[in-house]
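Q: For the record, in the sequence shown the residue sitting at position 62 is 61 according to this note's numbering, with numbers rising by one throughout. We put the CB at the ideal spot given by N, CA and C, even for glycine.
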Amino acid sequence: MVQNEVVNVWGGHLVSDMMSMLFKKFKMIFLHSFQPNGVEFHLIIMMLVRIMKKAGIILLALGFAFVLFGCNKSKWKKPTELGFTVNLNTTEIMNGNLVFSGGQILFESVHFDGQRIQGDDVYFESEFENGLLVDLNSSQVNSQLKFDVPQGTYTAARIDFSTEGIGGQQNRIVGSYTNTGGTVLPVIVEVEIIEFYDKLAKNSQGEVEIDLVEGVPATAKVTFDPSYWFQTISMSQMDDAQLTEVAGVQTLLISPNVNTDIYDILVERIGSNVQIIIE
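#1: Taking three-plus beta-carbon pairs below 8 Å as touching, is the region 168-184 in contact with the region 248-258?
#2: Is there a Cβ from chain C that is less than 8 Å from the Cβ of GLU91?
#3: Run through DSSP, which three-state label would GLN236 get?
#4: So, are the CB atoms of GLU191 and ARG171 less than 8 Å apart?
#5: Run the CB neighbour count on GLU107, radius 10 Å, all protein chains shown included, and call it buried at 16 or more, exposed below.
#6: Use the C-beta contact count for GLU91: other C-beta atoms within 10 angstroms, 16 or more gives buried, fewer gives exposed.
#7: Taking a contact to mean a Cβ-Cβ separation below 8 Å, would you say ILE193 touches ILE104 in this structure?
#8: Rounded to whole angstroms, how far is the Cβ of VAL148 from the Cβ of VAL121, which I believe are closer than 8 Å?
#9: According to DSSP, which residues form a beta bridge with LEU199?
#10: Considering just the uninterrupted stretch of the beta strand (DSSP E) at VAL173, what are its terminal residues?
#11: Might you give, ordered along the chain, the residues of its own chain that have their beta carbon closer than 8 Å to the beta carbon of LYS198, omitting 5 neighbours on each side?
#12: Can you check whether the CB of THR152 is closer than 8 Å to the CB of VAL207?
#13: Grab the span of the beta strand (DSSP E) containing GLU126 for me, first residue to last.
#14: Which term fits THR259, buried or exposed, when burial requires 16 or more other beta carbons within 10 angstroms of its beta carbon?
#15: Between which two residues does the beta strand (DSSP E) carrying GLU80 extend?
#16: With C-beta atoms as the reference, is PHE83 less than 8 Å away from LEU144?
#17: Are LEU211 and GLN168 touching if we call contact CB-CB under 8 Å?
#18: Return the first residue and the last residue of the beta strand (DSSP E) that GLU107 is part of.
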């Protein structure tokens, strides 16, 4: 309805009335001042008609441009859903002797900063005062980690991520370790803080340009890499680690208070080599 009204104003009565009024005013002033002969007057009038027709076409084109620009701008404000999941790279470590399978993290905040081709850049942040407990390697997106994001082609999407243990709850990653004697031990890594900043997301083809389309939900999969955390830790260090009884089971616990030599190495690497894939 709005589009039709705008086109009719520019293409119909307004341009016609403006041209007619200008023409009459000019004719009156011109005849009064110069008084040309019949041939000269005819040539001048024909020239003016051509000029005014071109002016009308230009005004009409401008009108269409304004309408199309307005509709196009409105289109790129329409949102699509972007959800976040947190995952672990489950690649075997130490020749298969160390494997991680899951765990839980306590979300403190997530920030999104996207640069778009078609419209304004997009920024949002969400903070969880009491923490948001999220299972690792779950295919389900937590409802509090779903956000409406304007559709468009993003040339860059950068994400900040922070977790912190709150109220006795810790970020916990679980797995198993087979020592050199063949004994299989549960492994628990408890970390107070996990964070990274300004991490560039990519699409499923490994490219930084990401298309978000209205009505097509997308998921940002944040994947941590334990194989990178343990890259500089040897099996002899793991064999020599202190065991702790957890729920009646001897467990290789790595935390701020237990096996601190290993923990200190992990803490320096845990927020690095993170991948974020939006698909």
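A: Once the coordinates are examined:
#1: The answer is yes - the region 248-258 touches the region 168-184, with three or more Cβ pairs under 8 Å.
#2: Here there is only one protein chain, and chain C is not present.
#3: Reduced to three states, the DSSP call for GLN236 is helix.
#4: GLU191 places its beta carbon 8 Å or farther from that of ARG171.
#5: GLU107 counts as buried, since at least 16 other C-beta atoms from the protein chains shown sit within 10 angstroms of its C-beta.
#6: Burial check for GLU91: the Cβ neighbour count within 10 Å stays below 16, so the residue is exposed.
#7: Yes, the pair counts as a contact, with Cβ atoms nearer than the cut-off.
#8: The C-beta distance from VAL148 to VAL121 rounds to 6 Å, short enough to fall under 8 Å.
#9: LEU199 pairs with ARG157.
#10: Note, VAL173: beta strand (DSSP E), 170-177.
#11: Contacts found: ARG157, ILE158, ASP159, PHE160, VAL273 and ILE275.
#12: Between VAL207 and THR152, the C-beta gap is not smaller than 8 Å, which leaves the two residues out of contact.
#13: Start and end: 121-134.
#14: THR259 should be labelled exposed.
#15: In the DSSP annotation of this structure, the continuous segment of the beta strand (DSSP E) that includes GLU80 starts and ends at 78-87.
#16: Closer than 8 Å, so yes.
#17: Remark: C-beta atoms of LEU211 and GLN168 do not approach each other more closely than 8 Å.
#18: Under the DSSP assignment, GLU107 falls in the beta strand (DSSP E) whose first and last residues are 97-115.
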